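What follows is a short report on a single structure.
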Amino acid sequence: MVNRTNWNTSRGGDSVQMENTAKVLRKLGVQVTYWEPTHQFDFKQFDLIHLFNIIRPEHLMKFTNLGVPFVVSTIFVDYEEVDKLLRGNSFRAFQNIAGNDRLQYVKTLARSVKGKSEIPNFSYLIKGQAESISYIAKKAAMLLPNSMSEAQRFVAKYPHETPIKVIPNGVSKEKFIHPCDNPQKDVLCVARFEHLKNQINLMHAIVQTDLKLTLVGDPSPNQHSYYQQCLEFAKKHPQQIEILTQYPSEKLPELYKQYKIHILPSWFETTGLVNLEAAAAGCNVIISNRGDTHEYFGDRADYCDPGDVASIKNALIKVSQTPSNDTLRQHVLQHFTWELAAQNTLEAYQEVLND
Numbered sequence: 000m001v002n003r004t005n006w007n008t009s010r011g012g013d014s015v016q017m018e019n020t021a022k023v024l025r026k027l028g029v030q031v032t033y034w035e036p037t038h039q040f041d042f043k044q045f046d047l048i049h050l051f052n053i054i055r056p057e058h059l060m061k062f063t064n065l066g067v068p069f070v071v072s073t074i075f076v077d078y079e080e081v082d083k084l085l086r087g088n089s090f091r092a093f094q095n096i097a098g099n100d101r102l103q104y105v106k107t108l109a110r111s112v113k114g115k116s117e118i119p120n121f122s123y124l125i126k127g128q129a130e131s132i133s134y135i136a137k138k139a140a141m142l143l144p145n146s147m148s149e150a151q152r153f154v155a156k157y158p159h160e161t162p163i164k165v166i167p168n169g170v171s172k173e174k175f176i177h178p179c180d181n182p183q184k185d186v187l188c189v190a191r192f193e194h195l196k197n198q199i200n201l202m203h204a205i206v207q208t209d210l211k212l213t214l215v216g217d218p219s220p221n222q223h224s225y226y227q228q229c230l231e232f233a234k235k236h237p238q239q240i241e242i243l244t245q246y247p248s249e250k251l252p253e254l255y256k257q258y259k260i261h262i263l264p265s266w267f268e269t270t271g272l273v274n275l276e277a278a279a280a281g282c283n284v285i286i287s288n289r290g291d292t293h294e295y296f297g298d299r300a301d302y303c304d305p306g307d308v309a310s311i312k313n314a315l316i317k318v319s320q321t322p323s324n325d326t327l328r329q330h331v332l333q334h335f336t337w338e339l340a341a342q343n344t345l346e347a348y349q350e351v352l353n354d
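Each residue of the sequence shown is one higher than the one before, starting from 0 at the first, in numbering that gives the first Met the number 0.
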C-alpha cells in the first residue's frame, strides 16, 4: 500500500482508511505491506500495488511502471472552492488564469522547495498535475472511489475507461457497540486544523448560540497561521470554546459518546470519516453540504453551508433541540464498516488478478 510520504506524521482520513482496510485485509489472509520511502523494496514480490490519494500524483507516479498491476483509492478531494475563497488576490488571479491543476502543481513544487515534501518524480515534473492524474487513472487496473458521487466527479474532470468499483468508507463496528444514552456535552468537532475544515466559521457561529464547543485536532503542517487564528479566537471565548490537540485517536470513540452533536462544516468532504464515527457513537451530526457526504448520510443528518455562518448557527440550534436519533447510528453500523470495506477491496483485488 502506497500513500503520501507524510501519511503517518500528518494524519488524515486517508491514513485512517488505509490502516483500517489493511487491518481487516490481514484478517482475511492478505499479506499487506506499507511502502516506506526510506526502505528498499523488490516490488516484483508483490501481486498488486494499492495506491491512495490520486490528487497527490507526485508521490504515485514512480509506482505506475514497475510491471506490477495497481489499483487506486482516488480520495478525490476538490480544493478549488476553498482556494478561491481563502487565498489572497494574487493567488486567486493566478488560479483563475492558470486553472486549479496548474495551481496544485505550483503548490507541490513549493512544498518540495521548502523541504516539506520530497522532490517530485521526474515524470510528474514533465507531465504536470492534470496529465499525471490522467496517466495514473488510465494505467490503473481499477479505481476504487469512496462513493458513486466521487466516481462521477472524477471521470467528469479526468475522462477514462478504467474499471471502477465503489468502496465506501467505514467505522470499526466493535468500538461502537454501546452508545451513550445521555450525553452531557454540547458540540464536538474532530478535524485537523486547516482552512478546508473551516473551524473558524464554526467558532463564529457557536458564539452566536448558548452552546459550548470542543475542537479536537492537530494543526496541518502547512497551515500553522490558520491554527494560530483559531487559537486566538478561542482565547477570546474561553467559556464557550475549548481546543484539544495531540488527542489519542484510540480514545475518540469514548469522546464522541460524551457529546450530543458532532459537526464538520468543511468546504469539501468525500466522506467525513469522523462524522461516520460520531454517528456510530450516537451523536446527531451536522455535515457540510459540499462534496459526497449525502450519499452516506442521506436525510438522516442535518446539513450546513460552510460559507454561511448563519447556516451553521441555525443548524446547531436546530439539532441541539432534536432528540438523539438511533436511525442514523444503525444505518452506519449496517452499511459502513471496515469489514465491508475490506471485503469489497479484496473482491476488487481478485477481479484484477483474475482478469
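Built from N, CA and C at the ideal position, the CB exists for glycine as well. The structure presented is a predicted model; accordingly, all values stated were derived computationally and were not measured.
Buried or exposed by the 16-neighbour rule on C-beta atoms within 10 Å, applied to residue i
| i | result |
| --- | --- |
| Lys26 | exposed |
| Glu268 | buried |
| Met0 | buried |
| Asn353 | exposed |
| His177 | exposed |
| Ser224 | exposed |
| Ala314 | buried |
| Leu243 | exposed |
| Thr8 | exposed |
| Thr336 | buried |
| Phe296 | buried |
| Ile125 | exposed |
| Gln312 | Sequence check: residue 312 is Lys here, not Gln. Buried is the call here. |
| Gln103 | buried |
Short Cβ contact (8 angstroms threshold) for residue i with residue j
| i | j | result |
| --- | --- | --- |
| Ile166 | Val71 | no |
| Phe175 | Ala279 | yes |
| Pro182 | Gln238 | no |
| Asp185 | Ile260 | yes |
| Leu263 | Ile286 | yes |
| Ser146 | Asp291 | yes |
| Thr344 | Thr32 | no |
| Glu35 | Pro119 | no |
| Asp301 | Val318 | yes |
| Ile54 | Phe75 | yes |
| Val67 | Phe45 | yes |
| Ala150 | Ile163 | yes |
| Tyr255 | Leu187 | yes |
| Leu195 | Ser265 | yes |
Integer-rounded CB distance, given that residue j should sit under 8 angstroms from residue i
| i | j | result |
| --- | --- | --- |
| Gly12 | Leu272 | 4 angstroms |
| Asp82 | Gln128 | Contact doesn't hold; Cβ gap of about 13 angstroms is too wide. |
According to DSSP, residues forming a beta bridge with residue i
| i | result |
| --- | --- |
| Leu368 | The structure shown has nothing for residue 368, since the chain only spans 0 to 354. |
| Val351 | Beta-bridge pairing links Val351 to no other residue. |
| Val1 | Leu50 |
Requested in this report: Return the chain-ordered ranges of every beta strand (DSSP E) run that is complete within the region 121 to 197 and spans a minimum of 3 residues.
Outcome: Correct list: 184 to 189.
Query raised in the report: What runs of the beta strand (DSSP E), each 3 residues or longer, lie entirely inside the region 194 to 261?
Result: Counting only runs of 3 or more, we get 212 to 215 and 240 to 243.
Query raised in the report: Which full runs of the beta strand (DSSP E) of 3+ residues lie inside the region 33 to 80, going along the chain?
Result: Considered as a whole, the region 33 to 80 harbours 48 to 51 and 69 to 72 as its complete beta strand (DSSP E) runs of no fewer than 3 residues, in chain order.
Query raised in the report: Which ranges does the beta strand (DSSP E) cover as unbroken runs of at least 3 residues, wholly within the region 295 to 346, from first to last along the chain?
Result: Here the runs fully enclosed are 301 to 303.
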